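A.B. asks: Per the working numbering, numbering of the sequence shown is gapless, rising by one per residue and ending at 403.
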Amino acid sequence: MTNLVIDIGNTRTKVAVFEDDNMIDFCAEELVTLPFLKDFFTKYPIDNSIISSVSFGKREISNFLEKKSNFIEFDASTYTGLKIDYETPYTLGKDRIAAAIGALEIVPDSNLLVIDIGSCITFDLVTQDSTFHGGNIAPGFYMRIKAMHDYTAKLPIVKQRIPTGFIGKNTKDAVLFGAYWGIVYEIDSFIRRMQQEYPDIKVILTGGDTPYFENSIKQCTFAVSNLVLVGLNKVISSIVNS
C-alpha cells in the first residue's frame, strides 16, 4: 500500500510517500501546488492520500487527489482510534492529533509527553490507553524573537541558531540567548511537572525547530522530526484496515 501524506503547516508544507510503514520519499516546500503533487503520482503508484492543514482552501488539489486516489481530508471527524479528552475537539489543531497518533505508533503502550517545536510550541499529554488529554501552547523560537522586535523600539531581529554561550554580551546575543534558553528551561520545567503525575512518562520532541533544541533538552526520550507525517500515515492504515 502506497500512501501520499501531506502536512500543510503555518510556514511549510511537508509531503511524504510511505510504502506501508516505511517513508520512501520526503520533501518540504513553502507552498503546495498541483503540478508539484502530480509529480508524486508520476513517480509512485499512489493508492491513498491524506491532507492535514492549518488553513487548507485549494479545492483543485482536493479534487485531483479524490480522482487519483482514496483521499482523506483529515479533520476532527476522521476516525483515528485515538480517544479525545478535550472540551472543544473541533478547535483542536489537526497537527496535534496527528503527532499524538504518530507518538503512539513509535512508542506504544506508554504515557507520552509530545512536544512539537514549530511556529508555536505545543505540549500534549497522551496516555497509554490511547487517550489525548490536551496540553499547552506557547510561542515558538522565531515568534519570541519577532515579538521582541515588534513590541519594542530598538531590539533587532536575529537569526535563529544554537547559542555559543549563556550570557549575552551584546544586544543581538541577548535577544537570541533569551529566546533560546527561555524555551529550554520552559520545556525542562514542564517535563518535571508532568513527571510528578506520570513518573514513567516518555518525552518525544518533534517539529521543524527540533534540531536547535534536541541536544539541550536532557530529558528527551526521542526526537522525531516528522512525527505528524507518521501519524497521518497511521490514520490511513486505520481507516483502510477498519
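Cβ coordinates follow ideal geometry from the N, Cα and C atoms, glycine included. Just so you know, these numbers come straight off a predicted model, no measurement behind them.
Distance check for R305 and I207, CA to CA, integer angstroms please.
C.D. replies: Rounded to the nearest angstrom, the two C-alpha atoms are 40 Å apart.
A.B. asks: I need the DSSP call for S238, collapsed to helix, strand or coil.
C.D. replies: If DSSP states are grouped into helix, strand and coil, S238 belongs with coil.
A.B. asks: Which same chain residues, not among the five before or five after Y371, have their C-beta less than 7 Å away from its C-beta?
C.D. replies: Residue identity differs from the one stated: residue 371 is Thr in this sequence, not Tyr. These residues qualify, in order along the chain: I278, A384, S386.
A.B. asks: Can you give me the Cβ contacts of I328 inside the same chain, cut-off strictly under 8 Å, excluding the 5 residues immediately before and after it?
C.D. replies: F338.
A.B. asks: Where does the unbroken alpha helix (DSSP H) through L198 begin, and where does it stop?
C.D. replies: First-last of the alpha helix (DSSP H) with L198: 195-204.
A.B. asks: Quick one: what's D186 bridged to in DSSP?
C.D. replies: Beta-bridge pairing links D186 to V178.
A.B. asks: Between which residues of its own chain and V319 is the CB-CB distance below 7 Å, once the five residues before and five after are set aside?
C.D. replies: Contacts found: I306, K333, V336, L337.
A.B. asks: Among all the DSSP beta bridges, which residues are the ones paired with F383?
C.D. replies: Answer is I365.
A.B. asks: For the beta strand (DSSP E) holding D277, just list the boundary residues, first then last.
C.D. replies: Residues 273-278.
A.B. asks: Can you tell me where the alpha helix (DSSP H) with P324 in it begins and where it stops?
C.D. replies: Looking at the DSSP string, P324 is not in any alpha helix (DSSP H), and its letter there is neither H nor E.
A.B. asks: Below 8 Å on the Cβ atoms is my guess for L165 versus S230; work out the distance and round it to an integer in Å.
C.D. replies: Confirmed, about 7 Å.
A.B. asks: Taking L243 and S213 to be in contact with their CB atoms under 8 Å, please state how far apart those CB atoms are, rounded to whole angstroms.
C.D. replies: Actually they are not in contact, since the Cβ atoms of L243 and S213 sit about 14 Å apart, beyond 8 Å.
A.B. asks: Throw me the rounded Cβ distance for the V389 and M162 pair, which I believe falls under 8 Å.
C.D. replies: V389 to M162, Cβ: 19 Å. No contact.
A.B. asks: Can the beta-carbon of P324 be found closer than 8 Å to that of Y346?
C.D. replies: Going by C-beta atoms, P324 is not nearer than 8 Å to Y346.
A.B. asks: Starting from R213, follow its DSSP beta bridges and name the residues at the other end.
C.D. replies: Note that residue 213 corresponds to Ser in the displayed sequence, not to Arg. Paired residues: D168.
A.B. asks: Using only CA atoms, which one of T194, F302, P250 lies nearest to F374?
C.D. replies: Measuring from the Cα of F374, the nearest candidate turns out to be F302.
A.B. asks: List the residues that DSSP assigns as beta-bridge partners of D370.
C.D. replies: Paired residue(s): none; D370 is not in a bridge.
A.B. asks: Along the chain, where does the alpha helix (DSSP H) that runs through G263 open and close?
C.D. replies: Residues 255-267.
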